[in-house]
Each structure stands twice: as structure tokens, then as C-alpha cells.
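Just so you know, we're using the numbering used here here: the first sequence kicks off at 2 and counts up by one. For glycine and all other residues, C-beta sits at the position ideal for the given N, C-alpha and C.
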Amino acid sequence: MAGLHPPLASCLLNSDSRLLFQMPRYDAARIEPKWQAYWDEHETFRTSDDPASGSKGNLYVLDMFPYPSGAGLHVGHPEGYTATDITCRYARMRGKHVLHPMGWDAFGLPAEQHAIKTGVHPAVTTKNNIDNFRRQLKMLGFSYDWSREFSTTDPDYYRWTQWIFLELFDTWYDAEFEWTDATGGERRGKGRPIRELRIPKCVQEKGDEAVRRYQDKHRLAYQASAPVNWCPALGTVLANEEVIDGKSERGGHPVQRLPLRQWMLRITAYADRLAEELDECDWPESVKALQRNWIGRSTGAEVDFYIGPETTPHRLHATHDEFEGWKTIRCASGFPADPGDEVIRVFTTRPDTLYGATYMVLAPEHPLVDRLTSEEQRHAVDAYRRQAAAKSDLDRTDLAKEKTGVFTGSYAINPVNGIRTPVWIADYVLASYGTGAIMAVPAHDLRDWEFACTFRLPIVHVVEPPVGYEPSKEERALCRDCDGDADCPYTGEGTAINSNAYNGTPTSDFKPMITMALATAGLGREAINYKLRDWLFSRQHFWGEPFPLWHELDANGNPTGLLRADTSDALPVKLPEDFHFKPHGRPDPPLEEAPDSWLYKTAEDGTRLKRETNSMPQWAGSCWYYLRFADPKNETAFIDPAKEKYWLPVDLYIGGAEHAVLHLLYSRFWHKVLFDRGHVSTPEPFRKLVNQGMILGEPELTTYRRESLPGLGNSLEDHPTDPAGWISAKDVRKDVDPKTGQETFADSSSGMGVVAVRVMPDQVEKSGGEFTLKGHPSIVVESRATKMSKSRGNVINPDDVVKSYGADSLRLYEMFMGPLEATKPWQMSGVEGVYRFLARVWRMIADEAADDVKLNTAVQKVEPTDEQERLLHRTIKAVTQDIESLSLNTAISRMMEFVNAFASSEVRPKSVCEQFVLVLSPFAPHLAEELWHLLGREKTLAYEPWPEFDESKIAESTVEIPVQVNGKLRGRVRVAADGNSAAAEAAARADNVVAAFLEGKQVVKVVAVPGRMVNFVVKP
RNA sequence: GCCCGGGUGGCGAAAUGGCAGACGCACAGGACUUAAAAUCCUGGGUCCCGAACGGGACGUGUGGGUUCGAGUCCCACCCCGGGCACCA
2 MAGLHPPLAS CLLNSDSRLL FQMPRYDAAR IEPKWQAYWD EHETFRTSDD
52 PASGSKGNLY VLDMFPYPSG AGLHVGHPEG YTATDITCRY ARMRGKHVLH
102 PMGWDAFGLP AEQHAIKTGV HPAVTTKNNI DNFRRQLKML GFSYDWSREF
152 STTDPDYYRW TQWIFLELFD TWYDAEFEWT DATGGERRGK GRPIRELRIP
202 KCVQEKGDEA VRRYQDKHRL AYQASAPVNW CPALGTVLAN EEVIDGKSER
252 GGHPVQRLPL RQWMLRITAY ADRLAEELDE CDWPESVKAL QRNWIGRSTG
302 AEVDFYIGPE TTPHRLHATH DEFEGWKTIR CASGFPADPG DEVIRVFTTR
352 PDTLYGATYM VLAPEHPLVD RLTSEEQRHA VDAYRRQAAA KSDLDRTDLA
402 KEKTGVFTGS YAINPVNGIR TPVWIADYVL ASYGTGAIMA VPAHDLRDWE
452 FACTFRLPIV HVVEPPVGYE PSKEERALCR DCDGDADCPY TGEGTAINSN
502 AYNGTPTSDF KPMITMALAT AGLGREAINY KLRDWLFSRQ HFWGEPFPLW
552 HELDANGNPT GLLRADTSDA LPVKLPEDFH FKPHGRPDPP LEEAPDSWLY
602 KTAEDGTRLK RETNSMPQWA GSCWYYLRFA DPKNETAFID PAKEKYWLPV
652 DLYIGGAEHA VLHLLYSRFW HKVLFDRGHV STPEPFRKLV NQGMILGEPE
702 LTTYRRESLP GLGNSLEDHP TDPAGWISAK DVRKDVDPKT GQETFADSSS
752 GMGVVAVRVM PDQVEKSGGE FTLKGHPSIV VESRATKMSK SRGNVINPDD
802 VVKSYGADSL RLYEMFMGPL EATKPWQMSG VEGVYRFLAR VWRMIADEAA
852 DDVKLNTAVQ KVEPTDEQER LLHRTIKAVT QDIESLSLNT AISRMMEFVN
902 AFASSEVRPK SVCEQFVLVL SPFAPHLAEE LWHLLGREKT LAYEPWPEFD
952 ESKIAESTVE IPVQVNGKLR GRVRVAADGN SAAAEAAARA DNVVAAFLEG
1002 KQVVKVVAVP GRMVNFVVKP
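Encoded structure:
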């Protein structure tokens, strides 16, 4: 961290007291608070609900709002915020009606954990953190409409979060429903009110309670038992994304998996739309790919393998007659939605390989396992299931190399050929995907192949690879020796063999043919599966939105399983006041200990009710905040429909790539439900999305030293010339200690431990593309920038940067570092560079030598020269185009070029200065306002019209173009800008050097692009 | 393993298929100064020839290709970063 910035340092250190108050210097500390106060006082950036007259359309530009952590703003935050701020300030000057709000995503675990540790209520911590974040954002001069600010923890806000939850609770997904949406599109599939759910007669007959339970099973919000990540050390339950490698993300404590009653949201009902409608979004392809990948749609077929009726005593397989009888029934009844208990239903993407199914595998948790287990196998199966249950998902995947499993002792019958197929259980089949059961085709699936080889199960090839096919790396790796021949699995498409009547059919034809045949026979049907699972929507936390739901209790005070929703006038359901929650050491929610007055009530009909005590996850509040900003104070609706129509969707949304999947997928899901229910008018919430890249810490040079050497300090200075202990970074093996999560280093040849040593730049030299230790060319030094983190001590605090250089410098530097989307390392010397640029701008217009702040005498009311005008218009053009494409780094370069050229003018026309100040203003608004004022303007420049460029003033009469001979640059000639290619060729031939290269050669061809270049193609 | 990004001076980077390295940092030299800071000016991809003016060869991770011409397009590979990872 650099200390005070040099000019300030010199002011303070200089004994000349006059300099302490030297106003004329570029003094960010004086200018910035002044203009921030001005904008606040005049509400300069307040967005009215109605556009000003003459408005050129509206623009909604949104930052991903922050979680106000106790650590305050990170330099990563202002990166995206500056980019959006520049966009907004520019748009306002172009006459747009701009919505640019900010708020706080303030529910969440840290404040709760802080409360457990210190006893300070999360609401207090949250308020303090928000105050600090707001102070820091205002300090950076962002043009937010602060009148729209809110926090997800405000009851006025979460009232509507609860309201939207009740909409989800009140909605079921009708996949067949055909309708015309608000945009006029024809659609199939819609989220509909639960009262429109058709109740089957058999349910209706069982009475009111049965109907309610039937409805509950179909809602988008439903209850299920799901394993939670219980962390005893934190005394809390964690979300999946808060668990990394089986440990808590915060603190690294071990996590256990326990089943608990949970709220789920049926996001899978929208999986197809979430995947398909990405096409409409102007988003980075990488983010779309990430989401599609996450949704993981695969098409295939569900197929039933017959196991026969349950019998006592247990039989190992059904008889042939039973199988034939079952087929006859199925032929008549068709394929049932519910498989029943006479079949194992499997999902496969390769129904064409049915003839190659040599065994089946059930997930250990599959409900049919018990029934299919024979007496002889009972012991082994039970042991395996116990073992599998104890393993976390991670342990399961960790053991990927070794396939494990147990035979149940029973067989199922393959519907296409009537062959008895052994049924195994194995943990490589997941209960939560597909039907939790597979048909194994070892010849054409690598996992099945490995399993079959391990347990010596038969392998039947049913797909012939195309002629000349070479097995892939993985396929080759699994090859086995088969009577002297190599036998490999094959996972690609080809031609059917060993498949009865289908022999010779290409895979791509086979799949639909057999799917159709199975469907006709009632034995299978086309099916689609997703990797995406339903969204676990409850948390066992205090600091989150309460659910607006009640559980009915029976006479003994036990829940009956029936629910009642709060009515919307009962919202918000606030957290209990004066409740000092403490961890009670159980995985169930802290609100279980809330006062009875909060927890219980009696309904008008006399039913005892108990509140739902789970709370919503942090995602809930961030799922719809972009809607509320358009109408933040509305007390009768979450948003006014007219305002929704006017502002939505968000035109530009900028935030970190860490939200590429979850936040963006969850908000799209909610938006689509609201769309189906008629509350919003577009199917997608965010039109254009940009991810700002991560800002890394300053690059560090590292070398390695044997740790066993005694007496050496951890610094190169201690033994700068001692070659004995140094290890080239190339010879160092890095591992992560599984217990501590710490990185460990070892000499890869000896295996001995080594330690990392920080090296200074002057101790390093470059040789052959690598950094090496000075004087030890064999010792390679690593240079890398790493993520900023407290533990590395390389975190840059925006407060410090602003104190030393000012907000305008911080803003400018963050934009100047490189492309917005790129990951890039912080370098404090770069801040210094942009600071110097701003100081040059100041001196270009202000008089530094004077005693008071006044205009530089070079700034005069005169007409600009042609050259000055060309410079100005070129700059306006470049900056304008760069802002529109968010190439903010090059926009700044262009302004630097302008200043480098213009500041050397003895006379600087005032009009040019004014235009330049306006161009600079979105980037460095404080300095620009100050100079604008100095140039004699009274009001803010925030709504001054953006300078227009005039193409005719940019054009030059002559241009210099390169001349090549055989593609190699041999000279440059100056030609008329509008000249033709013949003139360019003639000028090129006249050049001495070029002529020398053409001398005695035969010119085969001349390529002349007017105004660009000339190339002579010659032969000797 | 699969899916995305990305490899250009000492560093951050720039370049609609047409002068590689704009702009900035760091560095070196100079001016100003009693001195320093600040500021201003100058220089620079590498190697070679040359006292100098100047000129040549090579140069955007590696190897091929397309093209009059490739950092940019195509093929193969290597390395770095991110995401997913037994999803049938």
C-alpha cells in the first residue's frame, strides 16, 4: 500500500505553510465531498416516475446489489458499479430517462453467526454494515437514485417476498396447457392457480382433506424430506453451496447429512423454459452454456423391466407366463404414469442398446431393493446400503475409480427379448436422477463396462462402430484382453448388431423406432430428464424471511400435515421481536424456541395452528429486487403494473460471474412464474448481462527453499547468494492438505517438504521466457497474482485508495486496468498513473500557479484550429463508441491522448475545453463538475447534452499508408485520403526504398486498398 | 475427463484479415531545483551490421495450413484460469 499521494505528501511535509492551503492543485479531497454534497442536496440523480419532456426513451441499468458484510466494500465492487455508473451518466446526457438504483441483500448467515458470537442482534449488525456500505458508495460518486434504496430485511420489502412465495404456493404447473402469453406468443405449459387443478374423482370422493393433500402435492412450493448439511460446530444447517469438500465454506468445519422436513420449489417444472428462453437473452455465451449445463437436459426413454408380483416366499424371478401375461395387459392399458410394483422402471438415453443390457442397477436407496433382495444376499445388501448411506455425495464421487456394488439375488425380464437380467445395487447409480435405476449396457457405457469387468458380468456388443473408428483415449484405457484380441467399450453411434430385427439400423434411426415400438406395446415411452433438481428453499436459520404459513395441529398438538397460508393482509410476517435466539444444538430451526405468542394461534374455526419455523434462503430476497426498484414504496402491490411495463426488463445487468448460475437461474424462475400468473409482462428479467472480471491482488514472485535447512529465515535477504537451499518452482509439487485445506509444497524429486519464499522484483531476472533468481538461472521463480484474501493480506481497501488518490482516480483506474470482463491484477502504481492524468487535466484548464482557483490563462474564448477541432471530434467519436461497447479502458486511453496533445497548446479554446470536460464527466464526475463550474457554469453538467462529433471535421486530406513488397513492410507514403488505388500505386512506386525492392523483379500483382495500403507481389 | 475463457514487451494492455505493441506503469537519460519531490522533454520488442544517418533478420504459447497479406481465419498440440464431474 502506497502512503500519501506525492503532491499531498509534499504539501504536508513542506514547511511553507502557504502550500498547506494551496487550492489550485488538483485536490480530490477538496473537490469530491463538495460535489457529493451538491448531488445529495439537489437530488440530482433522483428518477421521476414520468419521463421528462423530450426524453429519448428509458434505460434501466442495474448492479447486482451487495451483501453488506462487516468488511466493507471490496475493490471488486466498484468495478461493475463504475461501469454501470458511466453508462448511466452517459445515457442521461443523451437524454434518456434512466433508472439506476441500489439496495442491500442483507439477510444471511454472517450476521446471524456474529450474533451468536457477540449477542448483538443481526438487525443491529446489518444496519451498521449498510450504513458503512452506503457511506463508501456515496464516497465513490455513483449516480444512484438513493430515494429508491431498500434492504431485503425491511419488512416493507419482505412483505412482498412472502407475498410472492404465496403465489408460488398457490401455483401448480400444467405442462399441457395451451395459451397466449402477454407478449402474444403461443405457449404450451403454464403455472396456474391451484384452484384450477383438476381433482380426480377418486380423490374427490375421499373428501375435503384428501383434496387438500392432493393439491399440496402439486404446488410449486411443497414439502419434502431432504438431507440437510448440519454443521454441529456452527450450530446451523448449511446450503449445499455453503459446503465445500464436505466442510463449511466459512470456518472449514465438518458437515453431517441429516434428513429434515424442508420446503422445496418445483423449479424443474420450468427447466425446459429456463433452458430454451436463454436464446432470447443478450448474455455472454459462457453464462448461457453454464446454465444449460446446470439444467442438463437429456432426452431418452423410460422402459419397464418386469419383476412380477410380490410373493411370499420371495421368488428370484417371474415366470415366462407371467411375463407374457403382463405384456398383454400392458398392450391394452398402455404405459402407466406410475410404474407400480411389478416393474423396475429405468431411464436411458440409449434405448437402441436395450439388446445389450446384461444386468440392472438400482440406487442403494431405491424402494424396490428390500423386496428384490434374496435371503442369501440380505446380509451383503444391508451392509452395502448402510455403508452408502453414511457416505456423503462427495465420498461417493471421490471413490470414482473403484466401482462397488452387490447382487440382490433377483432378476428382471428385459421387455424386448424376454431375457432374465440380474439386478444389482451400486452407488454409482444416483437415487435422485432419472428413476434411480438403470439398465446396464457395459459394451456401450464406460461406467457399466468398468462395473461389469469388476464383477465379471457378461458384455454383449450391440452397436458396430463406423468403419475405421479409432477408440477414444478413455475407451482404450478400459480395453480388456478377449482371447488375444483387444475388446473395447464403444460409446458412440453406429449400426445395430445382435439386436434381432433391428440389426443394421443406424443408431439415429433406431432410437425413435424402438421408443415408438415400446410406447405402442405399453412397455416404455419417450422421456426427458434434468440434472437440475428442485430447489431446496428452506433454511434452519433465524435471520431470514419467515414463511407465511401455519401447520394445523391435532388434539395432541401434533401437526396433521395440513397447511394454512396467511392471507395477504396478514403480511408481513415479521420475525418475533425481543427474541434472543441462541443455538439450541438441534438441527431444527432456531425459531422453534420463539415465544408461544408468535408460534401458536387458534383459527376462527377453532383449529390450533403452529407457525412454520423454517426461514427462506438468502436467494429469496435477491430473486425479485430488480422489480421492486421500479416502484419501491408501493403499499398495495409488489409493483405497479404500469411501472413494470415501463421499466422492465432490466436493460443492462452487471455483476460477478459467481452468480452466473444460481442467482440468475432462481430469479429467472420466479420471473417466469410471475409471468404465467400475469404479474409481469416479459418472460425474461434481464435483457443484457455482463460479468465483470475478478480483480486479483498485486502479482507476487515466489520461489521455494528446503524447509529442513536450519537457521534460514523466510526471506531471500537472509542468504541472498546461498544456492544450496533453493528449489526451482518447476520442481515443486503442490498439494492441498485435506485436513487443514492449506497448500503444501514438496520437492517433486525427493518428496521433501519445501517452503514458499516471497522474492522482490529486483532479485529476479528474465531468461528464456521465465523468471529466474538473479545469478541462479536454474532456479525458476513463479510470478502470479492471486485472489485477494484476508489470509494472504493482499486485500485493497477502497477507503485507503480514495484517501490517497481520490474517488475519480479509483474509478478511472478500475476501468483502465483492462477489459471489464477480464480477470486482472491490481497494481497500485497504475492508480498513480491515472491520478497523474487527472492532475494533467486539472492543470490544462485550471491555473495552478495562481493563488486562487481560476482558469488557466491559456484557456481563451477563441475559435479552435482545424487540428484542435479534429483532435476533439476524433476523441468524442472514439469515447462515444467505446462507452457504447463498454470498452471503457480504451475510452480512457483516447482521453489521455487528447490531453497529451491538447495540453501542449499555448492557446486552448474554451469551447474545446468544455466539450472535453463533458466527455470526461461520466468517468471522473467530481473533477468534471469542478472544471465545468470553473468554466463558468452554474448548474451540474449531469444533464448537459453529450457532445456530438462531426465526421467531416475528423477527415484529413491526406493519409499515410504502408507499402509492402511480398507482404513485408518496405515503406510509407502519404496519399490523398480519397485517392484511388492507381494513385496509391504510383506514389508507392515513387518511394526510394520500395523502388529498390522492385528493382529487377517482375511485379506479378498489385493489391491496393484505397486509403489503407499497397502490396506488390513480385517474382525474382 | 467434459464445457467455457485466455496465452502479445520488464508489467497492465491496444490492434473492422492490412504499419504489432496505441494508452498507462516501471526503467534510463535530460531540463528545472542549492537539493529532493512534483512537473516538462527524450528513449526503448529482440538480435545483427554501422562512428552516425540508416539498414537487415527475427518477433503475438508450439507446429502446420488458408491468403497478395494472419495476433486476428482453419487444423493439431502445449500451458494457465474458471465451471461441472459416476446425471444413465
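Query	Result
Pro-830 burial status per 10 Å Cβ neighbour count (16 or more: buried)	Note that residue 830 is Ser in the sequence shown, not Pro. Classification of Ser-830: exposed, given that the 10 Å Cβ count is below 16.
Counted within 10 angstroms of its Cβ, other Cβ atoms place Met-896 as buried (16 or more) or exposed	buried
DSSP state of Tyr-647 mapped onto helix, strand, coil	helix
Close beta carbons around Ala-381, own chain, < 7 Å, minus the five adjacent residues each side	Val-407
Inter-stretch contact (C-beta, 8 Å, three-pair minimum) for the region 982-1000 and the region 1008-1021	yes
Neighbourhood of Pro-910 by C-beta distance below 6 Å, restricted to the same chain and skipping five residues each side	Val-863, Pro-865
Residues bridged to His-367 [DSSP beta-bridge criterion]	Answer by DSSP bridge pairing: none, since His-367 is not bridged.
CA-to-CA distance, Glu-546 to Asn-129, given in whole angstroms	20 Å
Nearest candidate by alpha-carbon position, reference Arg-258, set Ala-389, Arg-293, Thr-374	Ala-389
Residues of its chain near Pro-310, where Cβ-Cβ distance is below 7 Å and the 5 sequence neighbours each way are ignored	Glu-343
The region 553-570 touching the region 150-158, judged by at least three CB pairs closer than 8 Å	no
Enclosing alpha helix (DSSP H) for Val-782 [first to last residue]	Here Val-782 belongs to no alpha helix (DSSP H); instead the beta strand (DSSP E) covers 777-785.
For Gln-619 and Val-832, the rounded distance between their alpha carbons	35 Å
Close-in-space but distant-in-sequence residues of the same chain around Glu-323 (CB under 7 Å, 5 per side omitted)	Gly-309
Pair within 8 Å by beta-carbon distance, Ala-441 and Ala-358	yes
Cα-Cα separation, Glu-1025 to Leu-447	What the structure shows of the chain is the stretch from 2 to 1021, and residue 1025 is not part of that stretch, so it cannot be assessed.
Whole-number beta carbon distance between Arg-975 and Thr-959, since they are thought to touch under 8 Å	5 Å
Nearest-angstrom Cβ-Cβ length linking Ala-929 and Val-918, presumed shorter than 8 Å	5 Å
Thr-88, DSSP secondary structure in three states	helix
Beta bridge counterpart(s) of Val-760 as assigned by DSSP	Leu-702
Given Ser-751 as reference, the closest of His-98, Asp-732, Gln-764 once Cα atoms are compared	Asp-732
Within the region 910-997, ranges of the beta strand (DSSP E) (whole runs, at least 3 residues)	959-966, 969-977
Same chain, Cβ closer than 8 Å to Val-1019, neighbours up to 5 away in sequence not counted	Val-966, Asn-967, Phe-998, Leu-999, Lys-1002, Gln-1003, Val-1004, Val-1005
Proximal residues to Phe-838 (C-beta, below 6 Å), its chain only, five neighbours per side dropped	Met-897
Rounded straight-line distance, which links the Cα of Ala-621 to that of Thr-127	17 Å
Three-state class that DSSP yields for Ser-70 in the structure shown	coil
Backbone CA spacing between Trp-933 and Trp-40 [nearest angstrom]	15 Å
Burial state of Lys-791, where buried means 16 or more other Cβ atoms lie within 10 Å	exposed
Cβ-based burial, His-585 [other Cβ within 10 Å; buried from 16]	exposed
Strand pairing of Ile-345, partner residues [DSSP]	Phe-306
Candidates Asp-853, Lys-644, Gln-224, of which the one nearest Asp-535 by Cα	Gln-224
Classification of Tyr-944 by the beta-carbon crowding that lies within 10 angstroms, buried from 16 upward	exposed
Residues bridged to Phe-46 (per DSSP)	Per DSSP, none; premise fails for Phe-46.
Phe-838 - containing alpha helix (DSSP H), residue span	829-846
Three-state secondary structure assigned by DSSP to Gly-752	coil
Coil, strand or helix - Trp-551 by DSSP	strand
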